[in-house]
Each structure stands twice: as structure tokens, then as C-alpha cells.
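Engineer: Before we start, here is the structure in question, set down as C-alpha cells.
Protein chains: 2
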Amino acid sequence: MADINHRVGIKSSPEAIYEALTTDAGLATWWTNDVSGAGDVGSIIEFRFNGGGPDFVVKELIPNKTVGWQHSGSVPDSWVGTEISFQIDTGQEQTFVRFTHSGWKEPSDFMAHCSTKWAVFLISLKDSLELGVGKPFPNDVQIDHS
Amino acid sequence: MADINHRVGIKSSPEAIYEALTTDAGLATWWTNDVSGAGDVGSIIEFRFNGGGPDFVVKELIPNKTVGWQHSGSVPDSWVGTEISFQIDTGQEQTFVRFTHSGWKEPSDFMAHCSTKWAVFLISLKDSLELGVGKPFPNDVQIDHS
């Protein structure tokens, strides 16, 4: 098994970060502009990128602290069985977001690609909350030419 | 053990990428502007950030294909024993760089921080080669407020 780990520090409140991770409108500010279904535990969030994209079922919510998703469905294939968690922790001058995308069967090239791309989107989350403008798909920072 | 994995695709030649990974001048275009010591296998590269920073001994060089470093010295503490590799692979319209920073004792918050920060520097490498301007330290993209 292999995991992706990231951590960013954001000058924003845990409440604002939690909102950006748990609502369609919030998620659309930093990951992709096409999000639907975000809600309570058990809800299925559909993230779309030019029509296709992954679904996640919300597995855990601790307000302003923890958000846990489990991949749902079959796309992309290598995400099947993986889980994503966001842990929100208050620091002295910032709020930290610890991100984990765990349960990859192997550290494939695609997993490495996703690792780099998750960094891009977490910086987009930071920019969205600090500057008022993130870079969600289709305005995301490109890391290759595919 | 835990590893950091990344992958970027760059519109540049394997030769130019290899140069950026194996010379002081090349490394200074994307990681930190204060680099010395890059050379053949066995040389020790000193990367400095405001005076402090890690040393790496060059362990493997396959021209235009593979660059391997092993952490040397005691700073930062949690990097001791870790290794870094860059694998260069030619794609159809781009050259891929597969990055691994392996051998972390645990997926600590600092490891997660470094994972995000490596993505920033690999995108800096991409920008340096494609646009002629990277964002090495001290002009690097900030991922927190430390």
C-alpha cells in the first residue's frame, strides 16, 4: 500500500476551511467547478472534470476538525478502495490542513501524478481562502501536457 | 517507512532536465539559489536556505536518465537515511520526471509538509525549463506561514 501526504497552513478559520471541504460551493472554489452532492455522512459527492470524474461517499465528519471520504464507483480505476482525509488543526498564526489519500495498491506513475496534482489543489484551497480566488479545474495549474 | 512520490511532464529535452538536476547552476534555477558542490558520483551537494540546509551525496548518475542522491549529514534530522531519485522518461510530447524521496521513518507532519513543498519545487523546475524562469528559494511559492 502507498499513501499521498500533504500539509498546508492557511490564514483562515477552521470553520471556513471546513465549509470549503463539505459544501458543493466550497469545494467548487478549489478542486473543480463541477461538484454536486456534498452533504452529511453517507452522501455521495460527484466531482466532474469535463464530464468524467470520481465520486466519493462521505464517511466521517467532525465539524471544523475532520473530513473523511471513501472512493465510490469505478473511476478512476486505481482509486478504487482509496480513502481521503482532511485533518484541520489550529496553529499559532494559521490553520493547518493535513491531507491523506491512502490505500493505493502501488506507487504507480499515476499515483505520483495525483500526488503532485493534490499539492496544486491544496494550494488552490489556500489561495481561495486567503486571496478569495482559487484555481479549481478548469483553471488549475498544469503539471504536464496530457 | 513512507515515501514521497511526484511526477511532472516537461516540454524539454532529457538532456536539459539532466543538466538542471546535476549542476550547481541548473539546481539554482528551481530549488534554491544557493547551491554548491554538484558533480560526479561521490560529490556532496550543499543546498542552503538562509544559511542552513541539507547536504546530499550523489549516489547514482545515468546521463539523461537517472539521478540519485543520499542524504548526508544531520540536517534536517528526519531526512537522515532518506534518499532522493529523479527518473527521466521520454513521452510523446514531453519528458516526464518521476521524483521519489524515500525512506522516511514515518509519515509525520513534516514529511507531509515536504511532500507539498517538493511539488512546488518540481513545478518550479518545469517552469524554469519551459518559461525560462523558475521559482527557487527565496522566491518559492509559500504553502504555509512559518
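Here the protein sequences come in this chain order: A and B.
For the first sequence, position 12 matches number 11 in numbering that gives the first Met the number 0, and the numbering has no gaps at all.
For the second sequence, position 123 matches number 122 in numbering that gives the first Met the number 0, and the numbering has no gaps at all.
Just so you know, even glycine gets a beta-carbon here, dropped at the ideal spot from N, CA and C.
Using a threshold of 8 Å, state whether the C-beta atoms of valine 38 of chain B and phenylalanine 46 of chain B are closer than that.
Structural biologist: Per the sequence shown, the amino acid found at residue 38 of chain B is glycine instead of valine. No, these two residues do not count as a Cβ contact at 8 Å.
Engineer: Below 8 Å between beta carbons is the criterion; list the residues of the segment 102-114 of chain A that meet it against any residue of chain B, in chain order.
Structural biologist: Listed in sequence order: Pro106, Asp108, Met110, Ala111, His112 and Ser114.
Engineer: Contact defined as beta carbons within less than 8 Å: I believe serine 127 of chain A pairs with tryptophan 29 of chain A. What is the distance between those atoms, to the nearest angstrom?
Structural biologist: Serine 127 of chain A to tryptophan 29 of chain A, Cβ: 5 Å. Contact.
Engineer: Using C-beta distances below 8 Å, list every residue in its chain close to arginine 6 of chain A, excluding the 5 sequence neighbours before and after it, in chain order.
Structural biologist: Answer for arginine 6 of chain A: Phe95, Val96, Arg97 and Phe98, listed in chain order.
Engineer: Using 8 Å as the limit for Cβ to Cβ distance, is asparagine 49 of chain A near chain B?
Structural biologist: Judged by the 8 Å Cβ criterion, asparagine 49 of chain A is not in contact with chain B.
Engineer: List the residues that DSSP assigns as beta-bridge partners of alanine 1 of chain B.
Structural biologist: Bridge partners of alanine 1 of chain B: B:Trp103.
Engineer: Just to confirm, is the Cβ distance from tryptophan 103 of chain B to alanine 1 of chain B under 8 Å?
Structural biologist: Closer than 8 Å, so yes.
Engineer: Return yes when the Cβ of asparagine 4 of chain A is within less than 8 Å of the Cβ of proline 106 of chain B, no when it is not.
Structural biologist: Yes.
Engineer: Using a Cβ-Cβ cut-off of 8 Å, state whether histidine 70 of chain B counts as contacting chain A.
Structural biologist: No, histidine 70 of chain B lies away from the interface with chain A (no Cβ there is under 8 Å from its Cβ).
Engineer: May I have a chain-ordered list of the beta strand (DSSP E) segments no shorter than 3 residues that lie completely inside the segment 10-79 of chain B?
Structural biologist: Entirely contained in the segment 10-79 of chain B, the beta strand (DSSP E) runs reaching 3 residues are, in chain order, 33-35, 43-47, 54-61 and 65-71.
Engineer: What residues in its chain sit with their C-beta under 8 Å from that of threonine 22 of chain A, if we drop five residues either side in the sequence?
Structural biologist: Ala37, listed in sequence order.
Engineer: Between which two residues does the beta strand (DSSP E) holding aspartate 88 of chain A run?
Structural biologist: 82-89 is the span of the beta strand (DSSP E), which, as asked, contains aspartate 88 of chain A.
Engineer: Give, in chain order, every residue of the segment 2-24 of chain A whose Cβ lies closer than 9 Å to some Cβ of chain B.
Structural biologist: The residues in question are Asp2, Ile3, Asn4, His5, Arg6, Val7, Gly8, Ile9 and Lys10.
Engineer: Taking isoleucine 122 of chain B as the query, report the chain A residues whose CB atoms sit under 8 Å from its CB, ordered along the chain.
Structural biologist: Under the 8 Å cutoff, chain A gives Thr115, Val119, Val140 and Ile142.
Engineer: Measuring CA to CA, which of A:Val56, A:Lys125, A:Gln93 and A:Glu129 is closest to serine 145 of chain B?
Structural biologist: The option with the nearest alpha carbon to serine 145 of chain B is A:Gln93.
Engineer: Would you tell me roughly how many angstroms separate the C-alpha atoms of glutamine 141 of chain A and aspartate 88 of chain A, rounded to the nearest one?
Structural biologist: Whole-angstrom Cα-Cα distance: 29 Å.
Engineer: Name the residues in the segment 91-102 of chain A whose C-beta lies less than 7 Å from a C-beta of chain B; which are they?
Structural biologist: Residues Glu92, Gln93 and Arg97.
Engineer: Chain B beta carbons: is any one of them nearer than 8 Å to that of serine 145 of chain A?
Structural biologist: True, the Cβ-Cβ gap to chain B drops below 8 Å.
Engineer: Using only CA atoms, which one of B:Ala27, B:Gln69, B:Pro13 and B:Lys58 lies nearest to serine 101 of chain B?
Structural biologist: Looking at the Cα atoms, B:Gln69 is the closest of the given residues.
Engineer: Taking the beta carbon of alanine 24 of chain B as the centre, do at least 16 other beta carbons fall within 10 Å, making it buried, or is it exposed?
Structural biologist: It counts as exposed.
Engineer: So, phenylalanine 85 of chain B versus valine 66 of chain B, is the Cβ gap smaller than 8 Å?
Structural biologist: Their beta carbons are under 8 Å apart, which means phenylalanine 85 of chain B touches valine 66 of chain B by this criterion.
Engineer: Please report the Cβ distance between glutamate 59 of chain A and valine 40 of chain A, rounded to the nearest whole angstrom; I am assuming they are in contact, meaning their Cβ atoms lie under 8 Å.
Structural biologist: Contact holds; Cβ gap of about 7 Å.
Engineer: Considering glutamate 129 of chain B, what are the terminal residues of the alpha helix (DSSP H) in which it resides?
Structural biologist: Element bounds for glutamate 129 of chain B: 108-130.
Engineer: Starting from the C-beta of histidine 112 of chain A, find all residues in its chain whose C-beta is less than 8 Å away, skip the five residues before and the five after it, and write them out in chain order.
Structural biologist: Only Ile142 and Asp143 meet the Cβ criterion.
Engineer: Report back the beta-carbon spacing between phenylalanine 109 of chain B and threonine 31 of chain B to the nearest angstrom; my notes put them in contact at under 8 Å.
Structural biologist: Their Cβ separation, rounded to whole angstroms, is 18 Å, which puts phenylalanine 109 of chain B and threonine 31 of chain B out of contact at 8 Å.
Engineer: Tell me the rounded alpha-carbon separation between phenylalanine 120 of chain B and leucine 20 of chain B.
Structural biologist: Near 12 Å, if we compare the C-alpha coordinates of leucine 20 of chain B and phenylalanine 120 of chain B.
Engineer: Have a look at the DSSP bridge pairing and note the partners of glycine 133 of chain B.
Structural biologist: Answer is none; glycine 133 of chain B lacks a bridge partner.
Engineer: For a quick check, are the C-beta atoms of asparagine 49 of chain B and proline 13 of chain B less than 8 Å apart?
Structural biologist: In this structure, proline 13 of chain B does not lie closer than 8 Å to asparagine 49 of chain B by Cβ.
Engineer: Should isoleucine 83 of chain A be labelled buried (16 or more other beta-carbon atoms within 10 Å of its own) or exposed?
Structural biologist: When all chains shown are included, isoleucine 83 of chain A counts as buried.
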